[in-house]
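In my numbering, the protein residues as written are 7 to 116. All C-beta atoms in this analysis are idealised placements derived from N, C-alpha and C, irrespective of residue type, glycine included. Read through the structure below, which is laid out as structure tokens, and then see the notes.
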Amino acid sequence: MCTERGLPTDVSTAVLIDDDGTGYTESDSVLRLFRFMGFPWTILGFLALLIPAIIRDTGYKLFARNRGKIWKAIKKATGMGDTRLEGYQHKIMGLEGPLDPGWGFDIKED
Numbered sequence: 007m008c009t010e011r012g013l014p015t016d017v018s019t020a021v022l023i024d025d026d027g028t029g030y031t032e033s034d035s036v037l038r039l040f041r042f043m044g045f046p047w048t049i050l051g052f053l054a055l056l057i058p059a060i061i062r063d064t065g066y067k068l069f070a071r072n073r074g075k076i077w078k079a080i081k082k083a084t085g086m087g088d089t090r091l092e093g094y095q096h097k098i099m100g101l102e103g104p105l106d107p108g109w110g111f112d113i114k115e116d
């Protein structure tokens with residue numbers, strides 16, 4: 007699906023293919039998912055899409071580069087547990103292989 011639309015096929019960025027077949031990447035893909043999350047996220051996603059893409063994507067890339075550090079700091083500050091992905095890995099395209107430990111997810115090794 008991604009290859010047909012000229013979208014990345016790896017986990018270098020978030021990719022969303024909408025119901026009508028339109029593909030979105032980076033901040034566009036994440037913010038368009040907000041509409042499925044209910045109030046207040048629907049409104050927040052809509053408003054954030056009004057910000058120019060160059061600004062949104064710069065923030066997205068900055069977050070993506072530091073997501074492991076950010077997630078680990080949040081876990082330390084809030085005491086939240088680890089996020090386990092192996093139960094969902096089959097639902098996420100491009101996540102077939104091992105995850106980068108720098109992302110901050112706790113991966114159960116077999």
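Cβ-Cβ distance between glycine 51 and leucine 37 below 8 Å
Taking the first residue of the sequence shown as position 1, residue 51 is located at position 45. Taking the first residue of the sequence shown as position 1, residue 37 is located at position 31. Cβ distance < 8 Å, so glycine 51 and leucine 37 count as in contact.
Using only CA atoms, which one of Leu53, Trp77, Ser33, Pro46 lies nearest to arginine 62?
Translated into positions along the sequence shown, residue 62 becomes position 56. Looking at the Cα atoms, Ser33 is the closest of the given residues.
In the DSSP assignment, the alpha helix (DSSP H) including isoleucine 61 goes from what residue to what residue?
As a working mapping, residue 61 is identified with position 55 in the sequence shown. Residues 59 to 84.
Is DSSP giving leucine 39 helix, strand or coil here?
For this step, residue 39 is matched to residue 33 along the sequence shown. In this structure, leucine 39 counts as helix in the three-state DSSP scheme.
Where does alanine 20 land, buried or exposed, given buried means 16+ other C-beta within 10 angstroms?
The residue labelled residue 20 in the question sits at position 14 within the sequence shown. Buried is the call here.
Residues of its chain near methionine 7, where Cβ-Cβ distance is below 7 Å and the 5 sequence neighbours each way are ignored:
Locating residue 7 in the sequence shown gives position 1, counting from the first residue. Cβ within range, chain order: Ile23.
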